[in-house]
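Notes follow the structure.
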Amino acid sequence: MELRQLQYALQIAAERNFSRAADKLHVAQPSLSQQLSKLEKELGVMLFQRNTSSVELTHAGEKFVEQAQAIIDAVELLRQEMSDISQLRTGRVVVGSMPITGAHLLPHVLPVFKREYSELEISLLEDSSMNLEKLTASGQTDLSLLSLPLEIPTLAYEVLGEERIDLAVPPEHPLASRSAQGIRTALEELKNEPFIVLKEGQGFRKMTVELCREAGFEPRIVFESNNMETVQSLVATGMGVTLVPHFIARAPRSEFVPVYLPLAEPVPSRTLVIAYRRGRYLSKAAEVFIQTFKTTVASLTDV
């Protein structure tokens, strides 16, 4: 049994498709199939049930994948520990980030990190919060910038800070005048408003819907986007209202700027965290990145 065969089996299990697994592994599909057949023959069991439309794990396959992941983790642990012993003359951290939040936080964090640890490489992977949790749990990212709550229980995290949630309305909206008056808006007042929100799979969309439900109404969603900048621009043009993380709301924008209003007590907020797989060895490179992130974010006002 070879280490690469374990990696091949894990990738097939993750993709449920030989072609996609071969692409991710950068090997030819016939070679991948041949190695899996060789592995199954050696083990004396079938790991995957193949048919024309899908690939599914057998009972033996589920047990194998669980143990294979533990072996791969142990190998990675050994590699990371040896790297640390060599005093991290080189190192690499794969960081997952939500595109919207990362666009406003990482420009503060990454320059500081590169100045202090110029020998270390950062690889950035941007995706939705739902996919990032899966990537982090499977070890494809070392760390990921996410917000609570996390859906996958095998993830651990360190808290970066609390970020309040603001309301964004069009400049002509009746509530917009409250910005100058310092009047806070209760979520209940928005029950008849059209909402523009992020698409399914993004954590802040889920938070927006849940906050509205807690306020006693189901948001009337009239438009969805993958990009918070688009959401804010559409609000600014009068198409609806939305909720926005405060750190994003305060970022300078050149055109299509909505009016941002504070929400009434208790002010909703989200908890930003750096997440990683529970039990996974964190290299010194990952540890110093977490510390740099926490220190930098703490130095920013109103996070």
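Numbering-wise (full-length UniProt numbering), the sequence shown opens with residue 1 and increments by one. Where is the CB? At the ideal position from N, CA and C, for every residue including glycine. Nothing here was measured: the structure is a model prediction, and the numbers come from that model.
Review point. Distance, Cα to Cα, Q181 vs A21?
Key: Taking the straight line joining both Cα atoms gives about 57 Å.
Check your understanding: For the beta strand (DSSP E) that contains E56, what are its first and last residues?
Key -> Here the beta strand (DSSP E) through E56 covers V55 to L57.
Review point. Mind checking whether E116 and V288 have CB atoms under 9 Å apart?
Key: Contact: yes.
Review point. Taking the runs of the beta strand (DSSP E) that are 3 residues or longer, which of them lie wholly in the region 147–197?
Key: Those beta strand (DSSP E) runs which fall completely within the region 147–197 and span 3+ residues are 155–169.
**Study point:** First and last residue of the uninterrupted beta strand (DSSP E) at P245
**Key:** Counted as a single uninterrupted DSSP element, the beta strand (DSSP E) harbouring P245 occupies residues T242 to P245.
Exercise for review: Could you spell out the range, first to last residue, of the beta strand (DSSP E) harbouring G96?
Suggested key: Unbroken beta strand (DSSP E) run through G96: G91 to S97.
Review point. P262 lies in the beta strand (DSSP E); which residues open and close that run?
Key: From DSSP, the beta strand (DSSP E) with P262 extends over V259 to P262.
Review point. Quick one: what does DSSP say V303 is sitting in, helix, strand or coil?
Key: Interpretation of V303 is limited by its pLDDT of 45, a score under 50 that renders its predicted location unreliable; the figure taken from the coordinates is listed afterwards. Correct three-state label for V303: coil.
Practice item. Could you tell me the boundaries of the alpha helix (DSSP H) in which R20 lies? Key: Looking at the DSSP string, the run of the alpha helix (DSSP H) that includes R20 is F18 to L25.
Review point. Can you give the beta carbon distance from V45 to A60, rounded, assuming they're within the 8 Å contact cut?
Key: Contact between V45 and A60 holds, with the beta-carbon distance rounding to 4 Å and staying under 8 Å.
Review point. If L39 and F48 are in contact, beta carbons under 8 Å, what's the gap, nearest whole angstrom?
Key: Contact flag wrong, Cβ pair sits at about 10 Å.
Check your understanding: By DSSP, does R280 sit in helix, in strand, or in coil?
Key -> Coil, per DSSP.
Review point. Are at least three pairs of beta-carbons, each pair with one atom in the region 223–242 and one in the region 194–203, less than 8 Å apart?
Key: Contact annotation: the region 223–242 touches the region 194–203, with at least three C-beta pairs closer than 8 Å.
Practice item. Quick one: residues in its chain with C-beta nearer than 7 Å to the C-beta of L187, no 5 flanking neighbours on either side, listed in chain order? Key: So the qualifying residues of the chain are L211, C212, A215 and L263.
Check your understanding: Roughly how many whole angstroms lie between the Cα atoms of T185 and R205?
Key -> Their Cα atoms are separated by approximately 20 Å.
Point to revise | F113 - DSSP class collapsed to helix/strand/coil | key: In the structure shown, F113 adopts helical secondary structure according to DSSP, grouped into three states.
Check your understanding: Where does D302 land, buried or exposed, given buried means 16+ other C-beta within 10 angstroms?
Key -> Interpretation of D302 is limited by its pLDDT of 49, a score under 50 that renders its predicted location unreliable; no figure is taken from the coordinates.
Point to revise | Residues bridged to I248 (per DSSP) | key: Partner(s): none; I248 has no beta bridge.
Point to revise | Residues near E42 by beta carbon distance below 8 Å, same chain, minus five either side | key: The answer, listed in chain order, is M1.
Practice item. For T141, name the three-state secondary structure that DSSP assigns. Key: In the three-state reduction of the DSSP assignment, T141 falls in the coil class.
Exercise for review: Return the first residue and the last residue of the beta strand (DSSP E) that V222 is part of.
Suggested key: Run containing V222: R220 to S225, per the beta strand (DSSP E) assignment.
Exercise for review: Report yes if the CB atom of S129 is closer than 9 Å to the CB atom of Q34, and no otherwise.
Suggested key: Their beta carbons are not under 9 Å apart, which means S129 does not touch Q34 by this criterion.
Practice item. Could you tell me which residues DSSP puts in a beta bridge with A275? Key: S144 and Y157, per the DSSP bridge assignment.
Review point. So, is residue 362 buried or exposed, given that buried needs 16 or more other C-beta atoms within 10 angstroms?
Key: The displayed coordinates of the chain run from 1 to 303. Any statement about residue 362 would go beyond what the structure contains.
Point to revise | Alpha-carbon to alpha-carbon, P171 and E151 | key: Taking the straight line joining both Cα atoms gives about 36 Å.
Review point. Buried or exposed: G279, going by 16 or more other Cβ atoms within 10 Å of its Cβ?
Key: Under this definition G279 is an exposed residue.
Check your understanding: First and last residue of the alpha helix (DSSP H) that includes F48?
Key -> For F48, there is no enclosing alpha helix (DSSP H); the residue is part of the beta strand (DSSP E) that begins and ends at F48 to R50.
Review point. What is the DSSP secondary structure of residue 325, reduced to helix, strand or coil?
Key: Residue 325 is absent from the model: the chain starts at 1 and stops at 303.
Point to revise | Beta-carbon proximity of T208 to L160, cut-off 9 Å | key: The answer is no: Cβ separation not under 9 Å.
Review point. If F18 and L32 are in contact, beta carbons under 8 Å, what's the gap, nearest whole angstrom?
Key: Confirmed, about 6 Å.
Check your understanding: Hey, T101 and L272: beta-carbon distance below 9 Å or not?
Key -> For T101 and L272, yes; Cβs fall inside 9 Å.
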